[in-house]
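So in the numbering used here, the last spot in the sequence shown is 573, and the numbers never skip.
Below: one structure, written as structure tokens.
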Amino acid sequence: MRPFLILLAAASVFAADTSRLGIRELVKPGEAVEIPKVPNLAAVAYAIDSSASPVFRLSEVAFLGSERKEKLDLYFPSGPVRNDRPAVVFIHGGGFTGGDKAEYRSASVSADLCRAGYVVVSCNYKLGSKSAPGVWPQNISDCRNAVRWVRAHATELGVNPDKVGVAGGSAGGYLALMVGLSDDKSGPGGDSAAKFSAKVSAVIDLYGVVNFSKHGKGDVPGVPASEQNSYLPELQCDAQDPAVLILHGTADTTVDIAQSEDMAKALRAAKTPYEYVVVEGAPHTFDLHPNGKSWKRTGVVEGAEVSSASNKPELTEVTLAFLARTLGK
């Protein structure tokens, strides 16, 4: 296979904020690197300094073509090289008009998943603005293309192309649900001619919007009235869809927790496997270490009712257990 060259652009955004997450840049900004050498480079770096369990990151990787400014960041686990790791595409939030893949929440969740052995791809996507918010379905298409990019470069990344999941927070939670639940060929942002599939095996939704008629101005901006229902995740689920994990806090004043309650009800009615975790006291925009009090989990896994609880707000264990069941390790 012809080597795929990456030219890293400017220095990582928010580097000062994410340095305490144990993230180490594999190469200096502006250097070129061949993807086939990336997992090996991570292993060499780990061998030189294995005193900790760092996460290695390659920033500002092009995946939508040279004419697009949106890029992705790659997170590689430390340790020996493997060619069968599961991967997760993470999608940032920001109300569909802002946010970035390098923001603290995205970097924190990506680092936690990566430290557990997953290759993580944190992507940017086309954003709207208050004056021109109509970016649908391009934003969904961009996120689908991040999944396709992972499959196209699975060998170079050391990833099993059959074990790819998607996750996102807030607006990213909505986009993750749309990628996971709507058809990757005929659904919004789909591509019937794409060489690689954008289907995923797991979806994680952190406090995402699922019904615009109950949020904001009441509809998906720029989408004709006749097509609105196609853009609502709660109307896309069926029994063949991948399992979904929903995380939402009771103190969220940005996206009403009723949105996630409705999504959980829709998944149950459609017989889609799901887990719904309510974090007591947690606000909007949290990572896997929320400022909350406790959590309760309900759902249906492999046809059986599940229920559990914790007197601590920590979400790492329940999230990794979900990924282990759906993607493996």
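C-beta: ideal position from N, C-alpha, C; glycine also.
How close, in whole Å, do the beta carbons of residue i and residue j come, if the pair is a contact with beta carbons under 8 angstroms?
i      : j      : result
Lys540 : Ala553 : 5 angstroms
Lys313 : Val305 : Contact flag wrong, Cβ pair sits at about 13 angstroms.
Ile335 : Val410 : 7 angstroms
Tyr290 : Arg329 : At roughly 14 angstroms, the Cβ-Cβ gap does not stay under 8 angstroms, so Tyr290 and Arg329 are not in contact.
Leu450 : Gly417 : 5 angstroms
Below 6 angstroms CB to CB, which residues in the same chain sit around residue i once its five sequence neighbours on both sides are set aside?
i      : result
Gly433 : Pro381, Ile384, Ser385 and Arg388
Ile267 : Val299, Arg301 and Ala355
Lys370 : Val379, Gln382, Asn383 and Asp386
Going by Cα to Cα distance, which pick from the options is closest to residue i?
i      : options                           : result
Gln503 : Pro477, Leu567, Val271 and Thr542 : Pro477
Phe566 : Ser373, Ala495, Asp496 and Ala360 : Ala360
Glu590 : Leu532, Arg512 and Tyr319         : For residue 590 there is no data in the structure shown, the boundaries of the chain being 245 and 573.
Lys229 : Asp428, Asp449, Ala446 and Ser445 : No information on residue 229 is available, as it lies outside the stretch 245 to 573 that the chain covers here.
Ser373 : Lys537, Glu347, Gly338 and Cys367 : Gly338
Ala420 : Tyr319, Ala437, Val365 and Pro465 : Val365
Val488 : Glu471, Thr563 and Ala469         : Thr563
Ala442 : Gly417, Lys458, Arg395 and Ile448 : Arg395
Val333 : Val544, Phe320 and Asp435         : Phe320
So, at 8 angstroms on beta carbons, what are the nonlocal neighbours of residue i in its own chain, with the 5 sequence-adjacent residues on each side left out?
i      : result
Ala514 : Cys481, Asp482, Ala483 and Asp485
Met245 : Low per-residue confidence applies at Met245: pLDDT is 36, beneath 50, and the placement is therefore not dependable enough to give any value.
Would you kindly report the start and end of the unbroken beta strand (DSSP E) that includes residue i?
i      : result
Ala446 : Ala446 to Leu450
Val488 : Ala487 to Gly493
Locate the alpha helix (DSSP H) running through residue i, then write down its first and last residues.
i      : result
Ser366 : Unbroken run through Ser366 is the beta strand (DSSP E), Val363 to Cys367; no alpha helix (DSSP H).
Leu532 : Run containing Leu532: none; DSSP gives neither H nor E here.
Who are the Cβ neighbours of residue i in its own chain at under 7 angstroms, not counting the five residues just before and after it?
i      : result
Pro534 : Gly493, Val523, Ala526, Pro557 and Leu559
Val325 : Pro283, Asn284, Ala287 and Gly402
Ser445 : Lys407, Val408, Gly409, Pro486, Thr570 and Leu571
Ala508 : Ile490, Tyr518 and Tyr520
Nearest-angstrom Cα distance between residue i and residue j?
i      : j      : result
Ser430 : Glu269 : 38 angstroms
Val467 : Ser414 : 20 angstroms
Ile501 : Asp463 : 18 angstroms
Asp317 : Asn473 : 32 angstroms
Pro247 : Glu471 : Reliability fails at Pro247, whose pLDDT of 41 lies under 50, so the model's placement of it is uncertain and the value that follows must be treated cautiously. Cα-Cα distance, rounded: 41 angstroms.
Ser375 : Phe340 : 12 angstroms
Arg264 : Ala351 : 11 angstroms
Asp344 : Asn368 : 6 angstroms
Lys537 : His397 : 41 angstroms
Pro405 : Ala548 : 28 angstroms
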